[in-house]
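Asker: Going down the list, the protein sequences come from chains Y and X. Take 11 as the starting number for the first sequence in our numbering and just add one per residue. Take 11 as the starting number for the second sequence in our numbering and just add one per residue. For every residue, glycine included, the Cβ atom is placed at its ideal position computed from N, Cα and C. If you're wondering where the values come from, they're calculated on a predicted model, not measured in any experiment.
Protein chains: 2
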Amino acid sequence: MVGGGVVGWAIAWRCAARGLTVTVHDPASGSGASTVAAGMLAPVAEAYFGETALTGLLVESAARWPAFAAELTAASGVDLGYRTEGTLIVGRTGDDLAEVRRLGAYQRELGLPITALRPSGLRDREPALAPRVRGGAFAPGDHQVDPRRLLPALRAAAERAGAVLVDAPVGRLDEVVAPAVVVAAGCGTAALTGLPVRPVKGQILRLRAPGGGPPGFRHVVRGYVDGEQVYVVPRADGEVVVGATVEERTDPAVTAGAVLRLLRAAVDLLPELAEYDLVETTAGFRPGTPDNAPVVGALPGRPGVLVASGHHRHGIVLTPVTADLVTDLVTTGTPDAMLAPFTPDRFGPPTRPATGR
Amino acid sequence: MVGGGVVGWAIAWRCAARGLTVTVHDPASGSGASTVAAGMLAPVAEAYFGETALTGLLVESAARWPAFAAELTAASGVDLGYRTEGTLIVGRTGDDLAEVRRLGAYQRELGLPITALRPSGLRDREPALAPRVRGGAFAPGDHQVDPRRLLPALRAAAERAGAVLVDAPVGRLDEVVAPAVVVAAGCGTAALTGLPVRPVKGQILRLRAPGGGPPGFRHVVRGYVDGEQVYVVPRADGEVVVGATVEERTDPAVTAGAVLRLLRAAVDLLPELAEYDLVETTAGFRPGTPDNAPVVGALPGRPGVLVASGHHRHGIVLTPVTADLVTDLVTTGTPDAMLAPFTPDRFGPPTRPATGR
């Protein structure tokens, strides 16, 4: 296993539990996208036009989450911060609400569970919402988990099952000698494999409810606010995640403009956030692919090398299905039909030799 | 000397340079208001109604700054980041501009150097200002210095002149044995002296111009923006300070609402700031007094104990005059007439014994 993020550790856990000998190579496990992510498990709110194959995989993986969370909690002894209150999708202005409704109609067409709500219904569910919010919808199946609990939980479960971490960098794939090598290296995947996985910058904030208590709201809130998109994720321990920009940039700067836009939109939706502590501002990089979908399967021209990367904005929700299907592929040698839309060969041959930099 | 902030080290420098033996007691020199401050030397823009005595002292100390800066730079070898481009005071809306003009008229009445500017004149001076800024004024004598350079410069000059730092806390004044004890302990002054010096919370941001260059504007900009006050201080090294809230609170939290208000007002004045890195968010505490003016002079009932504290929002600009007048007082025993409005006894007897906690 090359890469010790959530996807890498989840595959390591599943493989080790099946009795395979597993080594995870990562010089800085947990330093990538995994611990920057907000942890929304949102197959419905993330179901966008033209991404039906991806939506199918999101729905499948989200359906596996409850059992996955229970099994992982038992195996690791770690509370994952898994919450099932669901997600409110709201619009602040009339234009914002029109966008929420347009997307909601599409999501309903796909048969996904989403219910339109009037302002009064929204506020019954979440009294902390600003009075000016015009309306929205409820996605009861869009849950959340805390990635900063998930990563150590996966690592603990994998290590208890026998997986071993080697905290040194892997410069070339032929440095790793094993019957099967899985590359789950996030943004580092491109350099190792030649696949078109690029970093997509995201800026994200972490707030904390004052006084040490939980936030004054329980649902994940996704908002369209004067044309800006923002999400607000409340944790039971008082943390509130506000995110996130999507930028085609590779600089690691946290910018004043991004923080301003995120805070403005979040406070416009949930005014009490103005009184919350701002405890962290972070820029991270999601591993993105040309079609926004992950790349999971055999690496062309490299027998024994599998890839599980390119999860972009969906790494946390896609962790269970990725781990299950890659583990099946490692043990049986045959890819599940669900993986057909996500094979590495869909982008044509890798642009650089997969043996070196 | 009890207290190793800018006021303490400046007095220590001046006293040591006169041949006195000086010990500075501070367990964490530089951890107080000194290194949170923006460093505006703004006697004009800070001349508010009803504070004429304070305004006089601000003007006097600002007049001493050029020579003080030159002398300190020579004595310490440290570049202070002292800049003399002056300050623009601007209003974004008609209401904001009315406030700028009302205060400007008062400042002109006092004979202070301030010139009204039309929008075209403002933008000639500072093209980076937002087109929507309605108008303002120019205060050519309101300069700036970098407090994070000033503090080490003062300490270096003081230590070269023979002053010695003892980095242990002082719990009671009688732990310090010296012919003259000067309490320049900022917010710690109340516990040591019983004087009514209270912490006034300020939240402040530090941005940095992208690419490592200097900011795209040269003047300090003080703005009234939809009723909010904000200042923006550009440094030659690329840092931009945006401040500051004034809050009667003692919690050290950086809040989402404060960061939002500061960023929104700053970006409304200088749109390019949206592209700047947000590198620091800080909450600090100014030592405030009941009349907002410093408390400088002999502590009632405690022979040999002097106080130089309560500088509130004006510690950096008041450093030269405070150091000069306290040094005179220590060496001659007679207070300068300028100190008459600022004596510790103006608040009545200290409320707690000055000998203990």
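1) Exposed or buried, residue 260(Y), counting other C-beta atoms within 10 Å across all chains shown (16 or more means buried)?
2) Check the Cβ of residue 285(Y) against every Cβ in chain X and list those closer than 8 Å, keeping chain order.
3) To the nearest angstrom, how far is it from the Cα of residue 267(X) to the Cα of residue 359(Y)?
4) Quick one: is residue 291(X) near chain Y, going by C-beta distance under 9 Å?
5) Between the Cα of residue 37(X) and the Cα atoms of 337(X), 114(X), 14(X) and 69(X), which residue gives the shortest distance?
6) Who are residue 297(X)'s beta bridge partners in DSSP?
7) Applying a beta-carbon distance threshold of less than 9 Å, which residues of chain X neighbour residue 273(Y)?
8) Kindly indicate if chain X contains any beta-carbon less than 9 Å away from that of residue 244(Y).
9) My output table needs one value for residue 253(Y): the three-state DSSP class, helix, strand or coil.
10) Would you decide whether residue 194(X) is buried or exposed? Buried here means 16 or more other CB atoms lie within 10 Å of its CB.
11) Pull up the CB-CB distance for residue 262(X) and residue 284(X), whole angstroms please, since I reckon it's below 8 Å.
12) Should residue 130(X) go down as buried or exposed, given a rule of 16 or more other Cβ atoms within 10 Å for buried?
13) Rounded to whole angstroms, what is the Cα-Cα separation between residue 90(X) and residue 96(X)?
14) Verify the CB distance criterion: does residue 277(X) have a CB-CB separation below 9 Å to chain Y?
15) In this structure, how does DSSP classify residue 17(X) when only helix, strand and coil are distinguished?
16) Would residue 342(Y) be called buried (16 or more neighbouring beta carbons within 10 Å of its own) or exposed?
17) State buried or exposed for residue 318(X), treating a residue as buried only when at least 16 other CB atoms are found within 10 Å of its CB.
18) Between residue 202(Y) and residue 310(Y), what straight-line distance do the alpha-carbon atoms span, to the nearest angstrom?
19) Would you kindly work out how many angstroms separate the C-alpha atoms of residue 171(X) and residue 75(X), rounded to a whole number?
20) Buried or exposed for residue 58(X), going by 16 or more other Cβ atoms inside 10 Å?
21) Identify, in the order they occur along the chain, each residue of the same chain with its Cβ nearer than 6 Å to the Cβ of residue 100(Y), setting aside the five sequence neighbours on each side.
22) If we define contact as Cβ-Cβ less than 9 Å, is residue 261(Y) a contact residue for chain X?
23) Taking C-alpha atoms, which residue in 16(X), 240(X), 204(X) and 30(X) lies nearest to residue 189(X)?
24) What are the residues of the stretch 287-321 of chain X that lie near chain Y, defined by any Cβ-Cβ distance shorter than 7 Å?
25) Looking at residue 298(X): is its Cβ nearer than 9 Å to the Cβ of residue 209(X)?
26) Can you grab the Cα-Cα spacing for the pair residue 181(Y) / residue 215(Y), in whole Å?
27) Buried or exposed for residue 53(X), going by 16 or more other Cβ atoms inside 10 Å?
28) Cβ closer than 8 Å: which chain Y residues qualify as neighbours of residue 150(X)?
29) For the candidate residues 340(Y), 333(Y) and 361(Y), whose alpha-carbon lies nearest to that of residue 67(Y)?
30) Are there 16 or more other CB atoms within 10 angstroms of the CB of residue 152(Y), so buried, or fewer, so exposed?
31) Are the C-beta atoms of residue 139(X) and some chain Y residue less than 9 Å apart?
32) Which value, in whole angstroms, describes the spacing of the CA atoms of residue 367(X) and residue 162(X)?
33) Between residue 366(X) and chain Y, is the shortest Cβ-Cβ distance under 9 Å, so that the two count as touching?
34) From the DSSP output, in three-state form, read off residue 366(Y) for me.
35) Mind pulling the chain X residues with CB within less than 8 Å of residue 225(Y)?
36) With a threshold of 6 Å on Cβ separation, who are the neighbours of residue 175(Y) within its own chain once the five nearest residues in sequence on each side are excluded?
Answerer: Here's the rundown:
1) Answer is exposed; the Cβ neighbour count stays below 16.
2) Close partners of residue 285(Y) in chain X (Cβ separation under 8 Å): 265, 266 and 267.
3) Here the alpha carbons of residue 359(Y) and residue 267(X) stand approximately 50 Å from one another.
4) Yes, residue 291(X) counts as interfacial toward chain Y.
5) With distances taken between Cα atoms, residue 37(X) lies closest to 14(X).
6) Note: residue 297(X) sits in a beta bridge opposite 209(X).
7) Here the neighbours are 266, 267, 269, 270, 273 and 274.
8) Residue 244(Y) does not count as touching chain X.
9) Three-state result, residue 253(Y): strand.
10) The residue is buried, with at least 16 neighbouring Cβ atoms inside 10 Å.
11) The Cβ separation is near 27 Å, so there is no contact.
12) By the 10 Å Cβ count, residue 130(X) comes out exposed.
13) Rounded to the nearest angstrom, the two C-alpha atoms are 16 Å apart.
14) At a cut-off of 9 Å between beta-carbon atoms, residue 277(X) makes contact with chain Y.
15) Three-state DSSP puts residue 17(X) in a helix.
16) The residue is exposed, with fewer than 16 neighbouring Cβ atoms inside 10 Å.
17) Under this definition residue 318(X) is a buried residue.
18) Distance between the alpha carbons of residue 202(Y) and residue 310(Y) is about 13 Å.
19) If I take the Cα positions, the gap works out to 20 Å.
20) An exposed status is given to residue 58(X), since fewer than 16 other beta-carbon atoms sit within 10 Å of its beta-carbon.
21) Only residues of its own chain outside the window of five on either side were considered, and among them 143, 146 and 233 have a CB closer than 6 Å to the CB of residue 100(Y), listed in chain order.
22) Among the CB atoms of chain X, one or more fall inside 9 Å of the CB of residue 261(Y).
23) That would be 30(X), whose Cα lies nearest to the Cα of residue 189(X).
24) Residues of the stretch 287-321 of chain X that bring their beta carbon within less than 7 Å of a beta carbon in chain Y comprise 287, 288 and 291, in sequence order.
25) Yes; because the gap between Cβ atoms is below 9 Å, this pair is in contact.
26) Cα-Cα distance, rounded: 32 Å.
27) Burial call: buried.
28) In chain order: nothing, as chain Y lies at least about 28 Å away.
29) Of the candidates 340(Y), 333(Y) and 361(Y), the one whose C-alpha sits nearest the C-alpha of residue 67(Y) is 333(Y).
30) Label assigned to residue 152(Y): buried.
31) Proximity of residue 139(X) to chain Y, defined by a Cβ-Cβ separation below 9 Å, is not satisfied.
32) Unreliable placement is indicated for residue 367(X), whose pLDDT of 40 sits below 50; the coordinate value is still reported in the next sentence. Their backbone Cα atoms lie some 30 Å apart in a straight line.
33) Any reading at residue 366(X) is ruled out, since the residue's pLDDT is 44, under 50, leaving its predicted position unreliable.
34) Residue placement at residue 366(Y) cannot be trusted, given a pLDDT of 44 that sits under 50; the coordinates are not used to answer.
35) Taking a Cβ-Cβ cut-off of 8 Å, residue 225(Y) has no neighbours in chain X, whose nearest Cβ is about 12 Å from it.
36) Taken in chain order, the residues that qualify are 34.
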